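Residue numbers (the working numbering), protein chains in the order written: chain A, 5 to 139; chain B, 5 to 139; chain C, 5 to 139. We put the CB at the ideal spot given by N, CA and C, even for glycine. Computed from a predicted structure; not experimentally measured.
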Amino acid sequence: MIVLNDLIHLKSHLRSHWIDITDKVQAVVSRSGIIEGICTVVCLHTTASITVNENADPDVEKDFFKMLEQLIPINASFRHVEGNSDSHIKASLTGLSAQIPVSGGRLVLGTWQSVYFCEFDGPRSRKVSVTVMGQ
Amino acid sequence: MIVLNDLIHLKSHLRSHWIDITDKVQAVVSRSGIIEGICTVVCLHTTASITVNENADPDVEKDFFKMLEQLIPINASFRHVEGNSDSHIKASLTGLSAQIPVSGGRLVLGTWQSVYFCEFDGPRSRKVSVTVMGQ
Amino acid sequence: MIVLNDLIHLKSHLRSHWIDITDKVQAVVSRSGIIEGICTVVCLHTTASITVNENADPDVEKDFFKMLEQLIPINASFRHVEGNSDSHIKASLTGLSAQIPVSGGRLVLGTWQSVYFCEFDGPRSRKVSVTVMGQ
């Protein structure tokens with residue numbers, strides 16, 4: 005069995021947007037030499053998250069962040085004084101990690117799927133953990 | 005160590021409903037021969053998801069999809085022109101994958117838990133990836 | 005390869021709150037002897053969940069549960085007669101499991117991250133499954 009833990013470094017450039025990290029995650033899988041296994045992508049922050057969604061139409065991203073802002077407005081009545089309570093809640097709702105199977109040395113993704121880092125409190129420097137386990 | 009990657013094929017029959025796939029997932033676990041490990045169930049689409057929830061009262065499913073429809077209405081003001089922006093958002097909120105421990109060759113689930121494929125843009129033919137890893 | 009499946013037993017004391025289980029999860033990791041791998045934390049109930057979020061300011065917890073209650077009120081028009089339809093929906097939205105990498109024998113968590121059991125229908129006695137896999 006092989007286990008490879010690695011880090012991806014990112015810079016977000018807006019308060020809320022997503023960044024396609026599929027190629028960076030695939031690079032870690034390729035470096036691991038693992039042919040069959042699981043890749044686990046984990047956000048190491050509490051105001052950002054990881055999801056898998058459509059990579060074809062950029063409007064999906066715009067609809068996604070606009071709807072989240074409507075559901076959990078930045079200026080709702082919050083107690084936490086840092087002005088990012090909405091970001092913490094959006095992070096837990098969209099999920100801190102993603103699992104992608106690895107087969108034939110490649111991430112197993114559907115035709116339209118990419119792996120996204122979701123920024124909810126940018127712009128910031130961010131770290132994503134990638135662990136590949138398999139054989 | 006053993007790794008088995010397999011696919012489950014499904015047909016959804018409504019725009020929004022869930023399908024209990026616990027038996028199909030257990031069948032992959034049994035075929036793998038793995039006694040102790042982890043099973044990872046991943047949706048390969050961007051308008052559907054995987055969750056674990058109650059299998060006893062069918063009203064839980066009805067309440068679940070009705071509340072999601074109230075929160076993220078199909079006809080909200082979206083830019084994506086395919087009419088399924090709500091489905092993309094519901095998919096990321098409910099989660100693209102589930103992890104279920106395997107012990108004694110069986111999925112470790114609570115008394116009332118089943119594994120569900122959540123359709124948000126059916127009816128469609130769908131694929132779910134199941135990876136079992138362990139020994 | 006080593007696989008260790010274990011259980012954490014908890015008692016929640018309110019209808020809705022979270023419980024920091026990071027130390028209990030780390031104890032399972034330490035007992036496993038695994039240096040590099042993945043830890044999977046799974047909720048075995050359908051009205052509770054697992055998330056990772058901030059451990060510094062207790063107001064984050066209060067904002068989190070208040071916002072979820074606003075989005076999915078306990079007394080919305082539900083069919084399920086047990087009075088906890090909101091809890092089932094909140095569980096699926098916040099997620100039944102979390103994955104945390106293990107490196108150097110320690111959970112890989114960001115500076116402000118803790119692993120939380122989220123109770124949405126307490127007070128109750130609860131069980132959380134912890135599986136550590138690696139070498």
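Which residue from C:T98, C:D67, C:H17, C:H49 puts its Cα closest to that of A:P77?
-> C:D67
Unbroken stretches of the alpha helix (DSSP H), 4 residues or longer, contained in the stretch 9-97 of chain A | 26-36, 63-75
Which partner residues of B:V136 appear in the DSSP bridge assignment?
-> B:L8, B:C43
Of the residues C:S129, C:E40, C:F69, C:T55, the one placed nearest C:H21, counting alpha carbons only = Of C:S129, C:E40, C:F69, C:T55, the residue nearest in Cα terms is C:F69.
Exposure label - B:L11; buried when at least 16 CB within 10 Å = By the neighbour-count criterion, in which 16 or more other beta carbons inside 10 Å mark a residue as buried, B:L11 falls on the exposed side.
Between which two residues does the beta strand (DSSP E) containing C:F124 stretch?
-> Looking at the DSSP string, C:F124 is not in any beta strand (DSSP E), and its letter there is neither H nor E.
How about B:I93: is its C-beta nearer than 8 Å to some C-beta of chain A?
-> B:I93 counts as touching chain A.
Under 8 Å by Cβ, that's how I've got B:S36 and B:L14 pegged, so tell me the actual separation to the nearest angstrom.
-> 20 Å between Cβ atoms; not a contact.
The beta strand (DSSP E) with B:V106 in it runs from where to where?
-> 101-107
Do you know offhand how far A:A102's Cα is from B:C43's?
-> 14 Å
Three-state secondary structure (DSSP) of C:L111 = strand
Hey, C:E40 and C:G138: beta-carbon distance below 8 Å or not?
-> Contact: yes.
Beta-carbon of B:Q74 versus every beta-carbon of chain A: anything under 8 Å?
-> Using a Cβ-Cβ cut-off of 8 Å, B:Q74 does not count as an interface residue toward chain A, since no Cβ of chain A sits closer than that to its own.
Ordered along the chain, which non-local residues of its own chain (more than five positions away) have a Cβ less than 8 Å from that of A:N59?
-> Within the same chain, Cβ atoms closer than 8 Å to the Cβ of A:N59 are found at D24, T26, W116, Q117, S118, the five residues on either side in sequence being excluded.
Test: C:N57 CB closer than 8 Å to a CB of chain A | True, the Cβ-Cβ gap to chain A drops below 8 Å.
Residue closest to B:I38, alpha-carbon to alpha-carbon, out of B:S107, B:E123, B:R130, B:F121 | B:S107
What's the call for B:H92, buried or exposed, on a 16-neighbour Cβ count within 10 Å?
-> Around the CB of B:H92, 16 or more other CB atoms lie within 10 Å, so the residue is classed as buried.
For A:V56, does the count of other Cβ atoms within 10 angstroms reach 16, so buried, or fall short, so exposed?
-> Taking every protein chain shown into account, the CB of A:V56 has 16 or more other CB atoms within 10 angstroms, so this residue is buried.
Cutoff 8 Å: B:T115 Cβ touching any chain A Cβ | no
Rounded to whole angstroms, what's the CA-CA distance from C:A52 to C:R130? Just pull it up for me.
-> 9 Å
Pull up the distance between the alpha-carbon of A:F121 and that of A:G99, whole angstroms please.
-> 10 Å
Less than 8 Å between the CB atoms is what I'm expecting for A:V45 and A:V134, so what's the real figure, rounded?
-> Between A:V134 and A:V45 the Cβ distance is about 6 Å, and since that is below 8 Å, they are a contact.
Roughly how many whole angstroms lie between the Cα atoms of C:F124 and C:A80?
-> 15 Å
Supposed contact pair A:V29 and A:L111 - C-beta distance, whole angstroms, cut 8 Å | 7 Å
Give every residue of the same chain whose Cβ lies closer than 6 Å to the Cβ of A:G146, excluding the five residues on either side of it in the sequence, and list them in chain order.
-> Nothing about residue 146 of chain A can be read from this structure; chain A reaches only from 5 to 139.
In whole angstroms, what separates the C-alpha of A:M71 from that of C:L18?
-> Computed Cα separation, rounded: 30 Å.
Excluding the five sequence neighbours on either side, which residues of its own chain have a C-beta within less than 8 Å of the C-beta of B:S89, listed in chain order?
-> A80, F82, R83
In chain B, what lies closer than 7 Å to A:I168 by C-beta?
-> Nothing can be reported for residue 168 of chain A, as the shown portion of chain A is limited to 5 through 139.
Tell me whether C:E85 is buried or exposed, calling it buried when 16 or more other Cβ atoms sit within 10 Å of its Cβ.
-> The question names Glu, yet the displayed sequence has Val at residue 85 of chain C. Exposed: under 16 other Cβ atoms inside 10 Å.
Residues of chain A with a CB under 9 Å from the CB of B:V132: which are they?
-> Under the 9 Å cutoff, chain A gives no residues; its nearest Cβ is about 10 Å from B:V132.
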